[in-house]
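In my numbering, the protein residues as written are 34 to 270. Even for Gly, the Cβ is constructed at its ideal location relative to N, Cα and C. Everything numeric in this text was worked out from a predicted model, so none of it was measured. Below you'll find the structure, written out as structure tokens, and then a few comments.
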């Protein structure tokens, strides 16, 4: 990407109350999990207001981490927020917001998974903005907010293990973005105790082994570090 695209998602405060608290939560997370540029920073107050307005109708497991996430970003200076995002999310593989990376790593299978995900988005009339990859978490969250929530949730459930690893990696780094990912997970359909145990075991196995690696014949555009444009990264190193 040559330059950072501002969020294409409508400000969560602009979503009608009739849209429902889940749509507002999805929209807020789509904005807040993006690179914290001036557009995101300028929207924080209205995002916070929208979240506060629907908080009583959100499950506490969603509302509590989402509220903490908004508050943490509002309390952080813009430059500090950008530096943290680049140092944590953009340059650490275990903190990547690209969902297919966790299951497929740097392999040919990831390329196939990206094409399937892109087709799912296209079937809903959605197109990632600014050259972003279709597995970028905010892209899928945007679909949940203003597109087809059922399709978006299905895609997120397919990558739940990766989201669990992402939350744990961000928690280990004491990043406020851990609360954002926790809120995403809490918006997904609940697991039965048996499913939860199986998911935890699978996530632990994936964490121990790490994503698969394959460098021969892999297209460069599948690299996981695509959340922030190069022009921004150079400002913070």
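Query: State the Cα-Cα distance for the pair residue 206 and residue 152, rounded to the nearest angstrom.; Result: 34 Å
Query: Among the residues of its own chain, which have a CB less than 6 Å from the CB of residue 57, if the five just before and after it don't count?; Result: 45, 48, 83 and 87
Query: Just grab the DSSP bridge partners of residue 137 for me.; Result: In DSSP, residue 137 forms no bridge with anything.
Query: In whole angstroms, what separates the C-alpha of residue 71 from that of residue 111?; Result: 8 Å
Query: Tell me which residues share the same chain as residue 107 and place their Cβ nearer than 8 Å to its Cβ, disregarding the 5 neighbours each side in the sequence.; Result: 77, 78 and 81
Query: With a 10 Å radius around its C-beta and 16 neighbouring C-beta atoms as the bar for buried, classify residue 228 as buried or exposed.; Result: exposed
Query: Just how far apart, CA to CA, sit residue 134 and residue 190?; Result: 15 Å
Query: Do residue 214 and residue 203 have their C-beta atoms within less than 8 Å of each other?; Result: yes
Query: Could you check whether residue 130 and residue 170 sit closer than 8 Å to each other, using their CB atoms as the reference points?; Result: yes
Query: Work out the CA separation of residue 174 and residue 94 for me, nearest whole Å.; Result: 17 Å
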